[in-house]
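Report on the structure given below.
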Amino acid sequence: MIIFGRNLTGRATTLSALQVLAVLAGSSPAVAERISNPVAEFTGVDKITGRIITFDVYIDETVQFGALQVTPRVCYSRPATEEPKTDSFVEVDEITLDRKIRRIFTGWMFAESPGLNAVEHAVYDVWLKGCKQASDVPAPETN
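With the numbering used here as the guide, the letters of the sequence shown map in order to residues 599 to 741.
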């Protein structure tokens with residue numbers, strides 16, 4: 599494969615496929631693979647009592663914090679040698695006073711920017727603190 603182009607002086611140039619690959623490989627930084635974690639770690643605050651709690655939730659498990667039900671679907675992080683980038687796709691439901699469940703949040707939360715997509719409820723706030731490979735909390739039973 600030959601690619602035609604023009605250099606800065608306007609002269610026609612040709613690049614072979616290997617030259618193009620060499621240019622592209624040198625111009626893009628290496629991207630570390632993200633790590634899929636089985637546990638998402640959240641922080642929540644009860645605005646009435648002032649209580650702040652950190653809690654672990656296994657992927658696809660639902661944990662209740664006050665009137666909120668928090669369900670992480672994935673939790674990704676980067677290796678320790680890379681710049682931290684920790685994110686989780688989360689669904690948060692509210693149990694209303696008439697016992698109905700209402701979805702109030704679906705989306706990505708970012709541990710490095712907790713205010714970006716935190717759940718801000720009238721009584722409870724919840725945000726992603728991090729992702730973990732293990733937890734002191736026992737894993738949910740599988741059928």
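Each residue gets a CB set at the ideal place from its N, CA and C atoms; glycine is no exception.
Since the model is a prediction, treat every value here as computed from it, not as a measurement.
Pull up the distance between the alpha-carbon of residue i and that of residue j, whole angstroms please.
i    : j    : result
Q731 : I633 : 9 Å
C729 : E710 : 12 Å
W706 : D644 : 22 Å
A678 : K698 : 42 Å
P712 : T684 : 10 Å
Are the CB atoms of residue j and residue i within a distance shorter than 7 Å?
i    : j    : result
P738 : Y674 : no
G648 : F663 : no
S733 : V637 : yes
T704 : E689 : yes
Hey, out of the options, whose CA is closest to residue i's CA?
i    : options                   : result
I646 : S733, A638 and A665       : A665
Q667 : R701, E631 and P712       : R701
V735 : R649, E659 and D644       : E659
D654 : S686, F703 and P682       : S686
L714 : A720, Y722, L726 and V721 : L726
D691 : E718, V672, F708 and R676 : E718
Is residue i near the ligand PLP, in the sense that its beta carbon is under 6 Å from a heavy atom of that ligand?
i    : result
P636 : Judged by which ligands are present, the structure shown has none, so any question about the ligand PLP falls away.
Using DSSP bridges, identify the partner residues of residue i.
i    : result
L726 : F640
L666 : F663 and E692
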